[in-house]
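Asker:
Number of protein chains: 2
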Amino acid sequence: MATARPAPDRSLVDAPAVDKLDGLLLRRLAARMDPARLRYALGRSTVDPPQGSPVATLRFRDRRAVLGLVLDPEEHFGDAYAEGRIEIEGDLVAALEAAFCALSDAPANPLAWLYTRVPNSLRRARANVHHHYDLGNDFYALWLDEQLLYTCAYFESPDQSLEDAQVAKMDHVCRKIGLRPGESVVEAGCGWGALALHMARRYGARVRAFNVSREQVAWARARARREGLDDRVEFVEDDYRAIRGRFDAFVSVGMLEHVGRRSFRELGGVIARSLDPSRGRGLLHFIGRDRPRPLNAWIRRNIFPGAYPPALAEVDRDVLGPKRLVVVDVENLRPHYALTLRHWRERYERAAAEARVGRDERFRRAWRLYLAGSEAAFLTGSLQLFQVVFAPCGASGAPWTRRGLYEDGPGLAWNAPTS
Amino acid sequence: MATARPAPDRSLVDAPAVDKLDGLLLRRLAARMDPARLRYALGRSTVDPPQGSPVATLRFRDRRAVLGLVLDPEEHFGDAYAEGRIEIEGDLVAALEAAFCALSDAPANPLAWLYTRVPNSLRRARANVHHHYDLGNDFYALWLDEQLLYTCAYFESPDQSLEDAQVAKMDHVCRKIGLRPGESVVEAGCGWGALALHMARRYGARVRAFNVSREQVAWARARARREGLDDRVEFVEDDYRAIRGRFDAFVSVGMLEHVGRRSFRELGGVIARSLDPSRGRGLLHFIGRDRPRPLNAWIRRNIFPGAYPPALAEVDRDVLGPKRLVVVDVENLRPHYALTLRHWRERYERAAAEARVGRDERFRRAWRLYLAGSEAAFLTGSLQLFQVVFAPCGASGAPWTRRGLYEDGPGLAWNAPTS
Chain A
1 MATARPAPDR
11 SLVDAPAVDK
21 LDGLLLRRLA
31 ARMDPARLRY
41 ALGRSTVDPP
51 QGSPVATLRF
61 RDRRAVLGLV
71 LDPEEHFGDA
81 YAEGRIEIEG
91 DLVAALEAAF
101 CALSDAPANP
111 LAWLYTRVPN
121 SLRRARANVH
131 HHYDLGNDFY
141 ALWLDEQLLY
151 TCAYFESPDQ
161 SLEDAQVAKM
171 DHVCRKIGLR
181 PGESVVEAGC
191 GWGALALHMA
201 RRYGARVRAF
211 NVSREQVAWA
221 RARARREGLD
231 DRVEFVEDDY
241 RAIRGRFDAF
251 VSVGMLEHVG
261 RRSFRELGGV
271 IARSLDPSRG
281 RGLLHFIGRD
291 RPRPLNAWIR
301 RNIFPGAYPP
311 ALAEVDRDVL
321 GPKRLVVVDV
331 ENLRPHYALT
341 LRHWRERYER
351 AAAEARVGRD
361 ERFRRAWRLY
371 LAGSEAAFLT
381 GSLQLFQVVF
391 APCGASGAPW
401 TRRGLYEDGP
411 GLAWNAPTS
Chain B
1001 MATARPAPDR
1011 SLVDAPAVDK
1021 LDGLLLRRLA
1031 ARMDPARLRY
1041 ALGRSTVDPP
1051 QGSPVATLRF
1061 RDRRAVLGLV
1071 LDPEEHFGDA
1081 YAEGRIEIEG
1091 DLVAALEAAF
1101 CALSDAPANP
1111 LAWLYTRVPN
1121 SLRRARANVH
1131 HHYDLGNDFY
1141 ALWLDEQLLY
1151 TCAYFESPDQ
1161 SLEDAQVAKM
1171 DHVCRKIGLR
1181 PGESVVEAGC
1191 GWGALALHMA
1201 RRYGARVRAF
1211 NVSREQVAWA
1221 RARARREGLD
1231 DRVEFVEDDY
1241 RAIRGRFDAF
1251 VSVGMLEHVG
1261 RRSFRELGGV
1271 IARSLDPSRG
1281 RGLLHFIGRD
1291 RPRPLNAWIR
1301 RNIFPGAYPP
1311 ALAEVDRDVL
1321 GPKRLVVVDV
1331 ENLRPHYALT
1341 LRHWRERYER
1351 AAAEARVGRD
1361 ERFRRAWRLY
1371 LAGSEAAFLT
1381 GSLQLFQVVF
1391 APCGASGAPW
1401 TRRGLYEDGP
1411 GLAWNAPTS
């Protein structure tokens, strides 16, 4: 009797071959990511970094996720993580820091510049803003401070609360430009209006604040009415290009990085024509880079379409220089943004753990990655935070020294009477 | 008897024609210089500015001087003034301010870029320095402060003495980079050595200071020996390109503007390789511009051959960015340089009045013009003075805030232990 040949047990026969392939892929990835101190795991295979002991483990659910990272880590990591095809065992921020350090010296994707060449037309500008900021006020209220400031805070010391550090940031801005009662300010990109209201309430300024996000402007207007500040603060639902008139000060906190570099000259023109040529001064607060580079592709696609954090050189050359606006003061607040993001992430994770972050798991993981990745980017220096104070060339109103910024009183004395 | 016909009295016959020509030339000049509020005078002709009342009068000795100014004021004013073919009646600085304001918006000489394209080879660099700085220590001692600091002072208040303000400047620099006892510093372009000695004496630093001017280095070495600091300060008679080794800090005060922009990348390379990648930080103090422009042709030819004061954008793009050195802090001290120059000019004029400035009248007038013109350039914003603090990208030693710079104590806390 011919006995039936048993079907081969593939799990036994092919297992070594499969493990070998997985190991090969992981070693390729480890070489690509060197000197990132990360362990890589897929199935039964594990590969340690070529040098040093690992700070965390990247565990892959499938081979495709490994392959994507070998080909283009910047492009593929985000989706794979959001979809749960990569898990990070250990500290998420530390793992991302290690990855960023390794990738920062690698040649950038040669096609990446393509993404950044599209000028932000007005329609696109609105679409970009709506993509990110119209997720709903409730979502941001879960993890921002109570006044909804979605920009880098200024921590007078690292143990200050986020609430206080956001107020300190607003004061730092107002004191740098030395706002005085009755002065006029235009704000480009005002978010939920906290700074505009602060300038009116604490400094007695008259403020016109621009924002293309309908939901944020509605929120800001309601707050202005509630606080009885709507006679001194006007919220305009429009783009910065619609700014008209002359002001004592121009302020923009966290907008420049969304403008797109093809619009830098136009923005400089708007600023210059808005400022009183003898008394005027301005402040730009923005996420920047150490040198011109495109933003991480995944962040640009998933979180901030159209965003481009510029090098200081680009801001001076393209925004300020052509209109003879001169830098008076630059402060790099990079560590403050890392700390701000840590606060946001802790609040976000608390909300997620309490099931208050609705939507699907992919969304929750994408936002976790965005917050942790941004923190890692500021820690490693892949991103910077610049506050740039400037004035029309030849205007003589700049404060004599910066000492007044660090003393009691209303801040720097712009346009002080000369002796 | 035929009487001899008297020779025509040309002064009577041609005078109206001559006056008419002079008036025509002056009106042409007034139009060229508009809106400078200057009166122009040649012979018996006088022309007022098209708008406003004049702040001073330019009196020309000959027609050639007027013609030169009509053709190219930047190019011809200096020589004509030095040679006494132009006199200024009224305040010299105010007259030059008016002229700079008018010319700053005019298109630059289209050939001017030619002058700035020549890279400063080592030999040329030495020649350029010798041209200016080897005029003799005695000459500079006539009008600089007692320590011979030939760079912008930092006046804690406008009524501070020049002597004190130069010491305050050295402290400002040392406190910005937070020098601590035992730390090592390399200084590029050390002049007569005052800052190098100050860093060793007051901050306990070990300093290696470079300068290509033989006379200055000899002076500095003698002073170091006299003060018993020659074990902690080494003066090297060489170019910044000869810097070797690793240091906690890199400092350069008043050299960058003489380096020439074709050498910016090389300078950045020298700085980056000199700095400890985790603890290192640096400071560049230099004369700059609001936007890229060649230096005034006369100054470049007569006072500072090879000089090029850069825009901040050029320093970030060409010196710092390529080596991933990141701006931490920028301070614009423009009004401080105008005041420094006023002090220098007052001392210079006192020395000249007491016949202590030797040499010929042309030299004396050229230096008077250079000092007054530089003061006017800083007053009008044609020149800026930037102090830029930077660190290797990703280094985490920057101070948490700038508050410590304005409080008692040793200045900013770089590389403070993290909590």
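So the sequence lines, in the order shown, correspond to chains A and B. First residue of the first sequence? That's 1 in the numbering used here, and the numbers climb one at a time after it. First residue of the second sequence? That's 1001 in the numbering used here, and the numbers climb one at a time after it. Glycine included, C-beta positions come from ideal geometry on N, C-alpha and C.
Can you name the residues of chain B whose CB is closer than 7 Å to the CB of Ala313 of chain A?
Answerer: By 1-based counting over the first sequence, the position of residue 313 of chain A is 313. The contacting residues are Ala1313, Asp1316, Arg1317, Gly1321.
Asker: Along chain A, which residues have their Cβ under 8 Å away from the Cβ of Pro1335 of chain B?
Answerer: Position 335 of the second sequence, counting from 1, holds the residue named residue 1335 of chain B. Correct list: Ser396, Ala398, Trp400.
Asker: Does the Cβ of Gln1051 of chain B have 16 or more other Cβ atoms within 10 Å, making it buried, or fewer, making it exposed?
Answerer: Locating residue 1051 of chain B in the second sequence gives position 51, counting from the first residue. Flag for Gln1051 of chain B reads exposed.
Asker: Which of the three DSSP states is assigned to Glu407 of chain A in this structure?
Answerer: On the first sequence, position 407 is the one that residue 407 of chain A refers to. Coil.
Asker: Taking the C-alpha atoms as reference points, what is the distance between Glu1227 of chain B and Glu1187 of chain B?
Answerer: Taking the second sequence and counting its residues from 1, one reaches residue 1227 of chain B at position 227. Taking the second sequence and counting its residues from 1, one reaches residue 1187 of chain B at position 187. One C-alpha to the other measures close to 19 Å.
Asker: Could you spell out where the beta strand (DSSP E) holding Thr1057 of chain B opens and where it closes?
Answerer: Residue mapping note: residue 1057 of chain B aligns to position 57 of the second sequence, counting from 1. Element bounds for Thr1057 of chain B: 1056 to 1060.
Asker: Applying a beta-carbon distance threshold of less than 7 Å, which residues of chain B neighbour Pro49 of chain A?
Answerer: Within the first sequence, the letter at position 49 stands for residue 49 of chain A. Neighbours of Pro49 of chain A on chain B: none; closest Cβ ~18 Å, over 7 Å.
Asker: I think Ile423 of chain A touches Tyr370 of chain A, with their Cβ atoms under 8 Å apart; what is that distance to the nearest whole Å?
Answerer: This structure gives no information on residue 423 of chain A, because the portion of chain A shown stretches from 1 to 419.
Asker: How many whole angstroms separate the CB atoms of Ser1184 of chain B and Ala1205 of chain B, which I take to be in contact at a CB cut-off of 8 Å?
Answerer: Looking up residue 1184 of chain B in the second sequence gives position 184. Looking up residue 1205 of chain B in the second sequence gives position 205. Yes, they are in contact, since the Cβ atoms of Ser1184 of chain B and Ala1205 of chain B sit about 7 Å apart, within 8 Å.
Asker: With a cut-off of 8 Å, do at least 3 Cβ pairs link the region 383 to 392 of chain A to the region 266 to 282 of chain A?
Answerer: Cβ pair count under 8 Å is three or more, so yes.
Asker: State yes or no: is the C-beta of Glu314 of chain A within less than 7 Å of the C-beta of Pro292 of chain A?
Answerer: As a working note, residue 314 of chain A is residue 314 in the first sequence. As a working note, residue 292 of chain A is residue 292 in the first sequence. Cβ atoms of Glu314 of chain A and Pro292 of chain A: closer than 7 Å.
Asker: Say whether chain B places a C-beta atom closer than 7 Å to the C-beta of Val330 of chain A.
Answerer: Start at 1 with the first residue of the first sequence, and residue 330 of chain A comes out as number 330. Answer yes: the Cβ-Cβ gap between Val330 of chain A and chain B drops below 7 Å somewhere.
Asker: Taking 6 Å as the limit between beta carbons, can you name the residues of its chain near His343 of chain A, skipping five residues before and five after?
Answerer: Against the first sequence, residue 343 of chain A aligns to sequence position 343. Here the set comprises Leu162.
Asker: Excluding sequence positions up to five away, which residues of its chain have a Cβ less than 7 Å from the Cβ of Trp400 of chain A?
Answerer: By one-based count along the first sequence, residue 400 of chain A stands at place 400. The answer is none, since no qualifying residue turns up.
Asker: With 7 Å set as the bound, which would you pick, yes or no: does the beta-carbon of Tyr1308 of chain B sit closer than that to a beta-carbon of chain A?
Answerer: Along the second sequence, one-based indexing puts residue 1308 of chain B at 308. Closer than 7 Å: no.
Asker: In whole angstroms, give me the CA-to-CA distance for Pro1035 of chain B and Arg1289 of chain B.
Answerer: As a working mapping, residue 1035 of chain B is identified with position 35 in the second sequence. As a working mapping, residue 1289 of chain B is identified with position 289 in the second sequence. Distance between the alpha carbons of Pro1035 of chain B and Arg1289 of chain B is about 22 Å.
Asker: To the nearest whole angstrom, what separates the beta carbons of Gln1387 of chain B and Leu1333 of chain B, a pair I think is in contact under 8 Å?
Answerer: Here the question's residue 1387 of chain B lines up with position 387 in the second sequence. Here the question's residue 1333 of chain B lines up with position 333 in the second sequence. About 6 Å separates the two Cβ atoms, so the contact holds.
Asker: Cα separation between Arg273 of chain A and Cys1152 of chain B?
Answerer: Here residue 273 of chain A corresponds to residue number 273 of the first sequence, with the count starting at 1. Here residue 1152 of chain B corresponds to residue number 152 of the second sequence, with the count starting at 1. Each residue's alpha carbon lies about 32 Å from the other.
Asker: Given that Asp290 of chain A touches chain B, what residues does it touch there, using C-beta distances under 7 Å?
Answerer: In the first sequence, counting from the first residue as 1, residue 290 of chain A sits at position 290. Gly1321, Arg1324, Val1326, Cys1393, listed in chain order.
Asker: Which two residues bound the contiguous beta strand (DSSP E) that contains Ile88 of chain A?
Answerer: The count along the first sequence starts at 1 and reaches residue 88 of chain A at position 88. Looking at the DSSP string, the run of the beta strand (DSSP E) that includes Ile88 of chain A is 86 to 90.
Asker: Any Cβ of chain B within less than 7 Å of the Cβ of Gly411 of chain A?
Answerer: Position 411 of the first sequence holds residue 411 of chain A. So no, Gly411 of chain A is outside the interface.
Asker: Note down, in chain order, each residue of its chain lying with its Cβ closer than 6 Å to the Cβ of Trp192 of chain A, except the 5 sequence neighbours on either side.
Answerer: As a position in the first sequence, residue 192 of chain A is number 192, starting the count at 1. Correct list, in chain order: Leu148, Gln216, Trp219, Ala220.
Asker: Could you tell me whether any Cβ in chain A is nearer than 7 Å to the Cβ of Gly1280 of chain B?
Answerer: As a position in the second sequence, residue 1280 of chain B is number 280, starting the count at 1. No, no contact with chain A.
Asker: Would you mind sorting Asp1360 of chain B into buried or exposed? The rule is 16 or more other CB atoms within 10 Å of its CB.
Answerer: The residue labelled residue 1360 of chain B in the question sits at position 360 within the second sequence. With fewer than 16 Cβ atoms within 10 Å of its Cβ, Asp1360 of chain B is classed as exposed.
Asker: So what's Leu142 of chain A in DSSP terms, helix, strand or just coil?
Answerer: Along the first sequence, one-based indexing puts residue 142 of chain A at 142. Correct three-state label for Leu142 of chain A: coil.
Asker: Does chain A have any CB closer than 7 Å to the CB of Tyr1348 of chain B?
Answerer: Here residue 1348 of chain B refers to the residue found at position 348 of the second sequence. So, not an interface residue.
Asker: Run the CB neighbour count on Asp1022 of chain B, radius 10 Å, all protein chains shown included, and call it buried at 16 or more, exposed below.
Answerer: For the purposes of this step, residue 1022 of chain B is taken as residue 22 along the second sequence, with counting starting at 1. Looking at its Cβ environment, which holds 16 or more other Cβ atoms inside 10 Å, Asp1022 of chain B is buried.
Asker: Please report how far the alpha carbon of Ala1377 of chain B lies from the alpha carbon of Ala366 of chain A, in whole angstroms.
Answerer: The residue labelled residue 1377 of chain B in the question sits at position 377 within the second sequence. The residue labelled residue 366 of chain A in the question sits at position 366 within the first sequence. Cα-Cα distance, rounded: 53 Å.
Asker: Tell me whether Gln1354 of chain B is buried or exposed, calling it buried when 16 or more other Cβ atoms sit within 10 Å of its Cβ.
Answerer: Here residue 1354 of chain B refers to the residue found at position 354 when the second sequence is read from its first residue. The identity of residue 1354 of chain B in the sequence shown is Glu, whereas the question assumes Gln. Exposed is the call here.
Asker: Anyone know if the C-beta pair for Leu412 of chain A and Gly84 of chain A falls short of 7 Å?
Answerer: Here residue 412 of chain A refers to the residue found at position 412 when the first sequence is read from its first residue. Here residue 84 of chain A refers to the residue found at position 84 when the first sequence is read from its first residue. No, they are not a contact pair.
Asker: Any Cβ of chain A within less than 7 Å of the Cβ of Thr1380 of chain B?
Answerer: Here residue 1380 of chain B is taken as the residue at index 380 of the second sequence, counted from 1. With 7 Å as the cut-off, Thr1380 of chain B counts as an interface residue toward chain A.
Asker: Around the C-beta of Trp113 of chain A, are 16 or more other C-beta atoms found within 10 angstroms, so that it is buried, or is it exposed?
Answerer: Within the first sequence, numbered from 1, the residue matching residue 113 of chain A stands at position 113. With a pLDDT of 36 at Trp113 of chain A, under the threshold of 50, the modelled position of this residue cannot be trusted, and the question is left open.
Asker: Which value, in whole angstroms, describes the spacing of the CA atoms of Pro1417 of chain B and Pro1410 of chain B?
Answerer: One-based indexing of the second sequence puts residue 1417 of chain B at position 417. One-based indexing of the second sequence puts residue 1410 of chain B at position 410. Those two C-alpha atoms are separated by around 16 Å.
Asker: Please work out which residues of its chain come closer than 8 Å, Cβ to Cβ, to Val1330 of chain B, disregarding the five sequence neighbours upstream and downstream, and give them in chain order.
Answerer: For the purposes of this step, residue 1330 of chain B is identified with residue 330 of the second sequence, where counting begins at 1. So the list reads Leu1312, Phe1386, Gln1387, Val1388, Val1389, once near-sequence residues are dropped.
Asker: Would Arg403 of chain A pass as an interface residue toward chain B - the criterion being a Cβ-Cβ separation below 7 Å?
Answerer: The residue you call residue 403 of chain A lines up with position 403 of the first sequence. Taking Cβ atoms only, chain B reaches closer than 7 Å to Arg403 of chain A, which makes this a yes.
Asker: Under a three-way DSSP split, which group does Leu339 of chain A fall into?
Answerer: Working through the first sequence from its first residue, we reach residue 339 of chain A at position 339. It is helical.
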